[in-house]
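Please read the structure below before turning to the comments.
Protein chains: 2
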Amino acid sequence: MVVEKFRQMLSNKSVIREISVAAVARGKEIGYDNMFDYSLGNPSVPVPDRFNEVVKQLLDTMDPLTLHGYSESHGIAEVRDKVAESLEKRFGLPYKRDNIFMTSGAAGAMAHAVRAVCNIGSEVLTFAPYFPEYNHYINETGAVLKVVPADTTSFQINFEEFEKMLNPKTEAVLINTPNNPSGIVYSTETIKKMSDILTKKSEEFGHEIYIISDEPYREIVFTGVDAPVVSQFYDNTIICYSFSKSLSLPGERIGYVAVSPNCKDAETIIHMCTQISRGIGHNCPSSLIQLAVAEMLYDTADLSVYETNMNLLYDELTRLGFEVVKPGGTFYIFPKALEEDANEFCKKALKYDLALVPGDSFGCPGFFRIAYCVKTDKVERSLEAFRKLAKEYGRQ
Amino acid sequence: MVVEKFRQMLSNKSVIREISVAAVARGKEIGYDNMFDYSLGNPSVPVPDRFNEVVKQLLDTMDPLTLHGYSESHGIAEVRDKVAESLEKRFGLPYKRDNIFMTSGAAGAMAHAVRAVCNIGSEVLTFAPYFPEYNHYINETGAVLKVVPADTTSFQINFEEFEKMLNPKTEAVLINTPNNPSGIVYSTETIKKMSDILTKKSEEFGHEIYIISDEPYREIVFTGVDAPVVSQFYDNTIICYSFSKSLSLPGERIGYVAVSPNCKDAETIIHMCTQISRGIGHNCPSSLIQLAVAEMLYDTADLSVYETNMNLLYDELTRLGFEVVKPGGTFYIFPKALEEDANEFCKKALKYDLALVPGDSFGCPGFFRIAYCVKTDKVERSLEAFRKLAKEYGRQ
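Those protein sequences? They're chains A and B, same order as listed. The opening residue of the first sequence carries number 1 in this note's numbering; numbering runs sequentially from there. The opening residue of the second sequence carries number 397 in this note's numbering; numbering runs sequentially from there.
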């Protein structure tokens, strides 16, 4: 008998996936280039050429038994050293090898981090709007995800609700800044206030509350935006990082856990990750890919296109009277729909070959997500479609 | 508070790892080339050159956004097609794309397969001697690993004990042939008899009992050895494969789940794997590595050295009066120690710079494992050390 829980999950279709499938199908009719497919968060700029050169150089120069050989279960020591060094330089905190555990992307990082610091039955708080996969990432560990309702005026943190929901079962707070789907970056004020509350509550409850900071969009921050380093404000911070967006390498599944050097259990947590791996079956990411990204820690793909796209969309949507908070990073924007039911709104959008994702699954009904990781030319051409859509609602 | 269960695991040292560390330390004193380090199952022959050429060709010819882009969570469709085709050709069973799920090595494959077909609290039977990591792989899924005692005369299956241990809670039987640590290949007679028993018991219990066939050593079978294809004998067979040993790519963490086309729930199980991935955090292996191995499905590293090494060791150990079953494959041999406590025996061996692993952790006290994935020259030089060790026990 197959396990019923997972079999039943097959009938729960992902909304994002369904819209993406519809967009691709429509794209086959009208030419995909004419389909304004804003459904998926898939990078639209290529990896820097240098990455491929680095891979080739590794293949040409390294002993294949070392290059393709088993790595330590923490990840390759030299790679961890280099990641730590890059974080030290960037964050001004003394990260060392034993603060770093290499993983299969941010999903792999979270699978380890949550299992390391959240006991069975404990609660992990996150803030709407949030990436819906968090439900699976957290709940399958045995902890329970609880979602703090959004502050829909700013998409910063709704502190009133947050303080109400914090309780002795809270063992971690999961944040994602820059945020998918809102594009918002938490301000220094937000991070400070959150840290102060967590410090106070940790003392009150008599146990640590960790911040698990999911940072795949860390490198995509727009001009002039205040983007504080969470680890500088809160010692018990565990970064879950992925190179998917910064280097446009989502298929390579490469990332890391980085526990703040100021966290007293940092090394223990990193060593525990190697034990957690044994039970969930991914002992390490590819050695070739580990070694390659270690040479690319100060590079990114050309991420400037995302800011260009954001400005085009933000300006036009604002002009059309959409309520929309200006993103500080990522390749998402999250306006309020022009009718109460964002699902209906997104259905109407499809008539104009616009594939948009309703906010319900992100914990924010009434809003919709535009993933503008597409060519700028397509964004420009899509503005007319937004105008037609807005016109249905008497906006122009 | 870090999670106590994983923290406590840190103090349980792996015996294999400890011996390996001791061997490397001693190697630093006497030169590693003079240390007969038989502790780890790490391939000693390089990946075929063509693998690196294939990787470079992919980098040179494919659009980077496709090459390094998100793949479907089942794995890249074309890769799954090619894997299915290779299994169809080889096993004469109609494997198709939907029988295949790409994973991070065999550990990743087992993490999915067991979660798909074994309910919480169910039992998974395996046969001693067995790979000790199975305890983690299985028990962390919520199922419970039960070990059938060894038939130490042949290291085939102890059917009397097996039949006693089968019970309505048994939902899977985990086999590993060719076997780590014994090197034994289960004969056609063994596989037939096991399949007949499982078919009968499935009917009696009113639910499927799956065979989970861990096959990383499938390609390392010695001359003239009967190596039956398990899926040809039992419909509910799920293969967990890794390219680690066949292509000498352990660091690349690449493998797959292949459910027999004769299993009625095959496609459901494969789709379920994509749901399981979401909770354990490794959605896919590296896209570059997936695409590369898909071009190497009919290649292996030069595996002939392992048979050469086996024969040298088998002949000399037999001559010295060791009780030893001749391996049919892998790069392991599993003789009986010359005293009751194999731990003591292995300690004495270290005096002669021989790093051997006692059988206790493999569920077979009194035996020891030699992992002869080393250069043949080292095997030859080690024979004198074995002679000296045997002499301590009056053998020469």
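Using N, Cα and C, we set each Cβ at its ideal position, and we do this for glycine too. All values reported here derive from a predicted model rather than from experimental measurement.
Per DSSP, the unbroken alpha helix (DSSP H) holding B:A418 starts and ends at 411 to 426. The beta-carbon separation of A:N179 and A:T330, rounded to 7 Å, stays under the 8 Å limit for a contact. A:L317 and A:S44 have their C-alpha atoms some 22 Å from each other. Between the segment 206 to 220 of chain A and the segment 67 to 86 of chain A there are fewer than three C-beta pairs closer than 8 Å, too few to call the two in contact.
Between B:S609 and B:I634, the gap from beta carbon to beta carbon is short of 8 Å. With fewer than 16 other beta carbons inside 10 angstroms of its own, A:Q396 counts as exposed. Collapsing the DSSP output to three states places B:M498 in a strand.
Residue environment: A:A116 is assigned as buried (16 or more neighbouring CB atoms within 10 Å of its CB, all protein chains considered). Per DSSP, reduced to three states, the secondary structure at A:G329 is strand. Here A:G255 carries a strand assignment [DSSP, helix/strand/coil]. Near chain A, meaning a CB-to-CB distance below 9 Å, the residues of the segment 661 to 681 of chain B are D661, T664, I665, H667, M668, C669, T670, Q671, I672, S673, R674, G675, I676, G677, H678, N679, C680, P681.
Shown here, B:A751 sits in a strand according to DSSP, grouped into three states. The beta carbon of B:S683 falls within 8 Å of a beta carbon belonging to chain A, placing the residue at that interface.
Within chain A, the residues P64, L65 have their CB atoms less than 7 Å from the CB of B:P442, given in chain order. Between B:V655 and B:N495 the beta-carbon gap is near 5 Å, inside 8 Å, which marks them as a contact.
Burial is judged here by how many other beta carbons sit within 10 angstroms of a residue's own beta carbon; B:Y630 has at least 16 and is buried. Apart from the 5 residues on each side of it in sequence, A:F51 sits with its Cβ closer than 7 Å to the Cβ of L247, A292, M296 in its chain, given in chain order.
Its chain contains S287, L288 as the residues whose beta carbon lies nearer than 8 Å to that of A:H68, once the 5 sequence neighbours on both sides are disregarded; these appear in chain order.
Membership of A:R395 in any beta strand (DSSP E) is not indicated, and neither H nor E is assigned to it by DSSP. For B:E529, the C-beta contacts it makes with chain A under 7 Å involve R278, in order along the chain. Closest by C-alpha distance to A:L303, out of A:S244, A:A390, A:N343, A:A349, is A:S244. Under DSSP, the beta-bridge partners assigned to A:V148 are A:F127. Look at B:H532: its C-beta is under 8 Å from a C-beta on chain A. Across the structure, B:F764 and B:T573 are spaced so that their CA atoms are roughly 18 Å apart.
Counting of Cβ neighbours within 10 angstroms places A:T153 among the exposed residues, the total staying below 16. Comparing C-alpha distances from B:D429 to each of B:E788, B:V775, B:D661, B:E468 shows the shortest one belongs to B:V775.
A:L338 counts as buried, since at least 16 other C-beta atoms from the protein chains shown sit within 10 angstroms of its C-beta.
In the pairwise beta carbon analysis, the segment 401 to 414 of chain B is classified as not touching the segment 651 to 667 of chain B: fewer than three pairs are separated by under 8 Å. Annotation: A:F362 is outside any beta strand (DSSP E) and is labelled neither H nor E by DSSP. By a beta-carbon distance limit of 8 Å, A:K89 does not contact A:S122. Their separation comes to about 34 Å. Cβ atoms of A:L125 and A:V173 come within 8 Å of each other, at about 5 Å. Residue burial is scored here from C-beta neighbours: B:N705 has at least 16 other C-beta atoms within 10 angstroms and is therefore classed as buried. When CB distances to chain A are screened at a threshold of 9 Å, the residues of the segment 638 to 660 of chain B falling below it are S640, L643, S644, L645, P646, G647, E648, R649, I650, in chain order. A:E171 sits buried, since 16 or more C-beta atoms from the chains shown fall within 10 Å of its C-beta. Counting along the chain, the unbroken beta strand (DSSP E) around B:S638 starts and ends at 633 to 638. Nearest C-alpha to A:I16 among A:I120, A:G41, A:Y352, A:T66: A:G41.
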